[in-house]
Structure formats: C-alpha cells, structure tokens
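Numbering (our numbering), first residue to last: 181 to 293.
Below is the structure:
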C-alpha cells in the first residue's frame, strides 16, 4: 500500500496548528487544502502525481518547494489579523444568540434591540 502524501500533510498541518495554539493561543491557523493547492500549482506537480498521492514521489517535490515557499511560516501581523477575525466571529455569534451586551478586548460594545 502506498503511503499517502495528503495524509502526511494533514498530520503536519495539525501538528503546526497545535504548536501555534500552544504558543499564540489561537486555533486552526493553517489549512491543509490551501497549502495543498499552493503546492500543486507552484511546484508544477503533474495531475498524475497529485492524483496518485504517493508520499515517496511527492515528498521530495515538497521539500524543494518548501525551501522557498515556507508554507508554515507566519508573522505577528498574521496572528493579529486572525485574532481580529476570531473577535469578529465571537461578536457575531453573541448577537445571533441574542446577547444584548457584548464587549470585546479592544473596548467595543455592541447592543441588540
């Protein structure tokens, strides 16, 4: 049986997300589908190879592509943007659930009629 490259990528992404969750206290930062799409397009992976999903074939291509693309790198601006997105989602959820008063960490307060 052929070892799945996509399964490896899923596990690697989960591992990276877990590390970021512990370090930055946010979750689900990286998405394996987006990374996969970037990899397949940027590394010129053939359709046959991508459908074959063979770890032994795709991993060397990944290693070469990852040297320049750095799929698991992030900046503090990326983290801050994700935190703002999470705060906006929480505000929306609070309003949808009928909470009349919701305050965010940056001092904003929202009221529902």
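A virtual CB, placed ideally from N, CA and C, is assigned to each residue, including glycine. Predicted, not measured: the structure shown is a model, and the values here were computed from it.
Three or more C-beta pairs under 8 Å: does that hold for the region 224-238 against the region 183-194? The region 224-238, when compared against the region 183-194, does touch it at the 8 Å Cβ threshold.
Spatially closest choice to residue 223 from 264, 245 and 240, by CA coordinates: On the chain shown, residue 223 is found 43 positions in, with the first residue counted as 1. Distance check between residue 223 and each of 264, 245 and 240 places 245 closest, using alpha-carbon atoms only.
6 Å Cβ shell around residue 204 - same chain, five flanking residues per side excluded: Within the chain shown, numbered from 1, the residue matching residue 204 stands at position 24. Excluding sequence neighbours, residue 204 sits near 259.
Contact set for residue 215: own chain, Cβ-Cβ below 6 Å, skip 5 residues either direction: As a working note, residue 215 is residue 35 in the chain shown. Within the same chain, Cβ atoms closer than 6 Å to the Cβ of residue 215 are found at 251, the five residues on either side in sequence being excluded.
Beta-carbon proximity list for residue 262, same chain, < 7 Å, skipping 5 on both sides: Start at 1 with the first residue of the chain shown, and residue 262 comes out as number 82. Excluding sequence positions up to five before and after residue 262, its CB lies within less than 7 Å of the CB of 206 and 209, all in the same chain and listed in chain order.
Measuring CA to CA, which of 202, 242, 193 and 270 is closest to residue 221? As a position in the chain shown, residue 221 is number 41, starting the count at 1. When 202, 242, 193 and 270 are compared, the shortest CA-CA separation from residue 221 is found for 242.
Limits of the alpha helix (DSSP H) - the one that residue 203 falls within: Against the chain shown, residue 203 aligns to sequence position 23. Unbroken alpha helix (DSSP H) run through residue 203: 185-204.
How many Å lie between residue 218 and residue 264 at the Cα? Translated into the one-based positions of the chain shown, residue 218 becomes position 38. Translated into the one-based positions of the chain shown, residue 264 becomes position 84. When rounded, the distance between both Cα atoms is 25 Å.
With H, G and I counted as helix, E and B as strand and the rest as coil, what does DSSP make of residue 234? Translated into the one-based positions of the chain shown, residue 234 becomes position 54. In this structure, residue 234 counts as strand in the three-state DSSP scheme.
Using a Cβ-Cβ cut-off of 6 Å (strictly less than) and excluding sequence neighbours within five positions of residue 276, which residues of its own chain qualify? Looking up residue 276 in the chain shown gives position 96. The answer is none, since no qualifying residue turns up.
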